[in-house]
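Undergrad:
Residue numbers (my numbering), protein chains in the order written: chain F, 1 to 234; chain R, 1001 to 1254.
This is the structure we're talking about:
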């Protein structure tokens, strides 16, 4: 494993960097798309069931299938990395729409009323009051999306997109276990790093969470909404 | 796109050992075979942990770690590790099935545990107060109340298994994934796209069937679905539906 790393340092570094981009870009795009849709589902309650049901259905499509169907839908080349980014963006949106809506719904009504009384309204109240309060809940969803993306990106090696998953296909075709193990460990490392970065961002975005005892209100630990399809059963 | 439709409507692709029906049956065979073992292991373990509260931390930790583990890498690792040990034709099948089972268990295990945990304490106490034994409390109170979450765990496990079985075609498993892997090897995009659409349809249909099953199986006391109650006058079930709990499970579209 170490020998492989020493023999191909540039190759492995390139795989790692490509893996970072392919995992992170969909989360950024996905969050930007999920915010307005989640707001819609929270603001107009009747849109919540259809939006979350459609999101749940999108989430059921296996990643390899979505990677391959993408070129027919967005007219890209079959082996283009864009397919992976767009497909993972779809999953991220599907996961986060519900999380954003639930996060916004978790904003206490008296807080909203107080903000309104102080003159906040419309988009200003959303951006400066409701969204910041929902950040911990949204963070939990973003962590799940990011960590699962790291795993899903590696499947892209099957359609020829070079990243850490290429170590899996290489290891398999040459029947070398250590190369596969290297890929697994680097994926885990990347997931750990990205997860840490998100936690730091969350800390920076919610300074009031560190002032325990000052606000008087216990801010509940955000429970990750992992199951995008739960509502269908209910 | 047109090529894909041609592939799907060509009668030659609907018969034989590499035809669509046979590949579909293979895919279903692997999936439900793996699901059988997933439920056999995950359900009792989840009920035990939920009922006794022992080992809850270990479950949460394992489920989170498994989410970060790359499915595809694990599959190939296990196949290489076991292929030298196992004899003949089992060497192709067993490692993949093992991985399908391993990846399916966390969803069922953690959801079953979360479901039992989220049962209203008052309901559990009332059952004990009525003189029910531990086993009776589990089977007559905790399991029916936890059923929505248990079913949603099984549902997640099915999706995970169906998706991973598709990838397993790369390590020579049969099933619908073959169209994708073979199509890629032969630079035959229509075949790949047809395989992808079939897999996507299979996943969505299985998911909808599980949703329908949930409607029929879950107690009406939980869902508030009373057939003869006029609209707008639903009887409040009192106990909040167990589905409002948040399961700590790691479903990931693999």
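We put the CB at the ideal spot given by N, CA and C, even for glycine.
In this text, all values refer to a predicted model and were calculated from it rather than measured experimentally.
What does residue 1062 of chain R reach in chain F if we use C-beta pairs closer than 8 Å?
TA: Going along chain F, no residue has its Cβ under 8 Å from residue 1062 of chain R, so there is no contact; the nearest lies around 14 Å.
Undergrad: From the DSSP output, in three-state form, read off residue 1083 of chain R for me.
TA: Three-state result, residue 1083 of chain R: helix.
Undergrad: If we count the other Cβ atoms within 10 Å of its Cβ and call it buried at 16 or more, is residue 1135 of chain R buried or exposed?
TA: When all chains shown are included, residue 1135 of chain R counts as exposed.
Undergrad: Over the uninterrupted alpha helix (DSSP H) stretch that includes residue 1113 of chain R, give me the two end residues.
TA: Its alpha helix (DSSP H) spans residues 1090 to 1117.
Undergrad: Check each candidate in F:175, F:182, F:109 and name the one with the smallest Cα separation from residue 163 of chain F.
TA: The option with the nearest alpha carbon to residue 163 of chain F is F:182.
Undergrad: Should the segment 1023 to 1036 of chain R be called in touch with the segment 1094 to 1105 of chain R, which here means at least 3 C-beta pairs below 8 Å?
TA: Yes, they touch.
Undergrad: Would the segment 1069 to 1085 of chain R count as touching the segment 1163 to 1171 of chain R if we require 3 or more Cβ pairs under 8 Å?
TA: As far as the Cβ criterion goes, the segment 1069 to 1085 of chain R touches the segment 1163 to 1171 of chain R, which means the pair count is three or higher.
Undergrad: Return the chain-ordered list of same chain residues with a C-beta closer than 6 Å to the C-beta of residue 1031 of chain R, the five sequence neighbours on each side being excluded.
TA: Answer for residue 1031 of chain R: 1161, 1162, 1165, listed in chain order.
Undergrad: Name the chain R residues that come within less than 9 Å of residue 89 of chain F, Cβ to Cβ?
TA: None at all; the shortest Cβ gap to chain R is about 13 Å.
Undergrad: I believe residue 1016 of chain R touches residue 1022 of chain R by the beta-carbon criterion, under 8 Å. Please report the beta-carbon distance rounded to the nearest angstrom.
TA: Yes, they are in contact, since the Cβ atoms of residue 1016 of chain R and residue 1022 of chain R sit about 7 Å apart, within 8 Å.
Undergrad: Where does the unbroken alpha helix (DSSP H) through residue 1037 of chain R begin, and where does it stop?
TA: 1020 to 1052 is the span of the alpha helix (DSSP H), which, as asked, contains residue 1037 of chain R.
Undergrad: Along chain F, which residues have their Cβ under 9 Å away from the Cβ of residue 1192 of chain R?
TA: Within 9 Å Cβ-Cβ: 68, 78, 159.
Undergrad: Quick one: residues in its chain with C-beta nearer than 6 Å to the C-beta of residue 1117 of chain R, no 5 flanking neighbours on either side, listed in chain order?
TA: Closer than 6 Å at Cβ, skipping near neighbours: 1050.
Undergrad: Give me the subset of the segment 175 to 190 of chain F whose CB atoms are less than 7 Å from a CB atom of chain R, sorted by chain position.
TA: Here the close residues are 175, 177, 180, 181, 183, 184, 187, 188.
Undergrad: Around the Cβ of residue 1112 of chain R, are there at least 16 other Cβ atoms within 10 angstroms (buried) or fewer (exposed)?
TA: Counting Cβ neighbours within 10 Å, residue 1112 of chain R comes out buried, since at least 16 surround it.
Undergrad: Using a Cβ cut-off of 8 Å, pull out every chain R residue sitting near residue 172 of chain F, in sequence order please.
TA: Those within 8 Å of residue 172 of chain F in chain R are 1076, 1079, 1080, 1170, 1171.
Undergrad: What in chain F is Cβ-close to residue 1159 of chain R, meaning under 7 Å?
TA: 60, listed in chain order.
Undergrad: Verify the CB distance criterion: does residue 1167 of chain R have a CB-CB separation below 7 Å to chain F?
TA: True, the Cβ-Cβ gap to chain F drops below 7 Å.
Undergrad: Within this structure, are the beta carbons of residue 55 of chain F and residue 103 of chain F separated by less than 7 Å?
TA: Cβ distance not < 7 Å, so residue 55 of chain F and residue 103 of chain F don't count as in contact.
Undergrad: Check residue 1133 of chain R in the structure and name its three-state DSSP category.
TA: Correct three-state label for residue 1133 of chain R: coil.
Undergrad: Can you find the residues in the same chain that come closer than 7 Å, C-beta to C-beta, to residue 1109 of chain R, ignoring five residues on each side of it along the sequence?
TA: Within the same chain, residue 1109 of chain R has close Cβ partners 1042, 1045, 1046, 1059.
Undergrad: Please check the pair residue 1194 of chain R and residue 1179 of chain R, which I expect to be a contact at CB under 8 Å, by giving their CB distance rounded to whole angstroms.
TA: That pair is a contact at about 6 Å.
Undergrad: Can you tell me which of R:1014, R:1081, R:1206 puts its alpha carbon nearest to the alpha carbon of residue 268 of chain F?
TA: One cannot answer for residue 268 of chain F here, as it falls past the ends of chain F, which runs 1 to 234.
Undergrad: Kindly indicate which residue of R:1008, R:1018, R:1077, R:1063 has the alpha-carbon position closest to the one of residue 1168 of chain R.
TA: Among R:1008, R:1018, R:1077, R:1063, the Cα nearest to that of residue 1168 of chain R belongs to R:1077.
Undergrad: Could you give the first and the last residue of the continuous alpha helix (DSSP H) run that contains residue 60 of chain F?
TA: Note, residue 60 of chain F: alpha helix (DSSP H), 48 to 60.
Undergrad: Please confirm if residue 1204 of chain R has its CB atom under 7 Å from at least one CB of chain F.
TA: For residue 1204 of chain R, the answer is yes, since a Cβ of chain F falls inside 7 Å of its Cβ.
Undergrad: Establish whether the CB of residue 64 of chain F and some CB of chain R are separated by less than 7 Å.
TA: At least one chain R Cβ lies under 7 Å of residue 64 of chain F.
Undergrad: My assumption, with CB atoms under 8 Å, is that residue 67 of chain F sits in contact with residue 94 of chain F. Please give the rounded CB distance.
TA: Actually they do not touch by this definition, with Cβ atoms about 15 Å apart.
Undergrad: Check residue 4 of chain F in the structure and name its three-state DSSP category.
TA: Of the three classes helix, strand and coil, the one that applies to residue 4 of chain F here is helix, per DSSP.
Undergrad: Check whether the Cβ of residue 66 of chain F sits closer than 6 Å to any heavy atom of the ligand GDP, and report yes or no.
TA: Of the ligands one can find in the structure shown there are none, so the ligand GDP has no counterpart to examine.
Undergrad: Excluding five sequence neighbours on each side, which residues of the same chain lie with their C-beta closer than 6 Å to the C-beta of residue 1139 of chain R?
TA: Excluding sequence neighbours, residue 1139 of chain R sits near nothing in its chain.
Undergrad: Give the DSSP-derived three-state secondary structure of residue 162 of chain F in the structure shown.
TA: DSSP places residue 162 of chain F in coil when its eight states are reduced to three.
Undergrad: Could you check where the alpha helix (DSSP H) with residue 1175 of chain R kicks off and where it finishes?
TA: Premise fails: residue 1175 of chain R is in no alpha helix (DSSP H) and is neither H nor E.
Undergrad: Spatial neighbours of residue 74 of chain F within its chain, please: CB distance less than 7 Å, with the 5 preceding and 5 following residues excluded, ordered by chain position.
TA: 86.
Undergrad: Can you name the residues of chain R whose CB is closer than 9 Å to the CB of residue 165 of chain F?
TA: Those are 1070, 1072, 1073, listed as they occur along chain R.
Undergrad: Chain R partners of residue 57 of chain F, CB-CB under 9 Å?
TA: Simply 1204, 1207, 1208.
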